[in-house]
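If you're matching positions, the sequence shown starts at 3 in our numbering and goes up one per residue.
All C-beta atoms in this analysis are idealised placements derived from N, C-alpha and C, irrespective of residue type, glycine included.
Let me begin by presenting the structure, written as structure tokens, before commenting on it.
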Amino acid sequence: MAKPPIVRGGVCLVPDDILVLLPKQLRKVLHRRRYFVVLSGDETNADTGWPLVSGCPISGQTSWKTKFDIALGAGEAGVQKKCWVRVPALQSIEKQHLEDFTGHLDPARLEQIDVSLFWYLGQV
3 MAKPPIVRGG
13 VCLVPDDILV
23 LLPKQLRKVL
33 HRRRYFVVLS
43 GDETNADTGW
53 PLVSGCPISG
63 QTSWKTKFDI
73 ALGAGEAGVQ
83 KKCWVRVPAL
93 QSIEKQHLED
103 FTGHLDPARL
113 EQIDVSLFWY
123 LGQV
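Here it is, written out as structure tokens:
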């Protein structure tokens with residue numbers, strides 16, 4: 003079966019050990035895979051000559067939650083429990099690491115993430 007196209011707002015499982023979550027010195031990899039929301043644009047995502055996507059890891063841990071993180075409810079875009087999009091952990095990963103597509107965030111939730119990211123970057 004062919005992989006679905008990589009789209010902005012898509013949530014996929016990725017190997018947990020390739021991601022950077024802060025504080026790095028206190029982080030323990032607890033799971034083999036973690037949810038990751040793709041935030042890079044569809045044109046870039048579809049470019050077969052460009053090997054990267056950018057996005058944010060998703061975490062169920064409350065210990066390091068920040069004011070920039072966006073909550074997702076259980077079942078939203080296929081996540082299994084309430085969790086948070088870790089906006090300050092924005093990072094690029096190789097497309098080859100996107101494993102199972104679990105769902106797509108609705109436009110309103112994606113806009114919340116965008117607003118939080120721009121706030122975090124000092125653009126609003």
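Distance CB(residue i)-CB(residue j) smaller than 8 Å
i    : j    : result
L100 : V16  : yes
Q93  : V22  : yes
K91  : L32  : Lys is not the amino acid found at residue 91; the sequence shown has Ala there. No, they are not a contact pair.
I72  : Q125 : no
Euclidean distance between Cα positions of residue i and residue j
i    : j    : result
L107 : L123 : 22 Å
K5   : T104 : 12 Å
R36  : V87  : 11 Å
Q63  : D19  : 16 Å
D116 : P109 : 10 Å
A48  : D102 : 17 Å
Q98  : R111 : 26 Å
R34  : W121 : 31 Å
Secondary structure of residue i, DSSP reduced to three states
i    : result
E78  : helix
I95  : strand
S61  : strand
P17  : strand
W121 : helix
A48  : helix
I72  : strand
V40  : strand
Whole-Å CB distance - residue i paired with residue j, under 8 Å assumed
i    : j   : result
S118 : V89 : 5 Å
Given 8 Å, three or more beta-carbon pairs between the segment 77 to 85 and the segment 47 to 59: no
The segment 28 to 46 contacting the segment 4 to 11, beta-carbon criterion three pairs below 8 Å: yes
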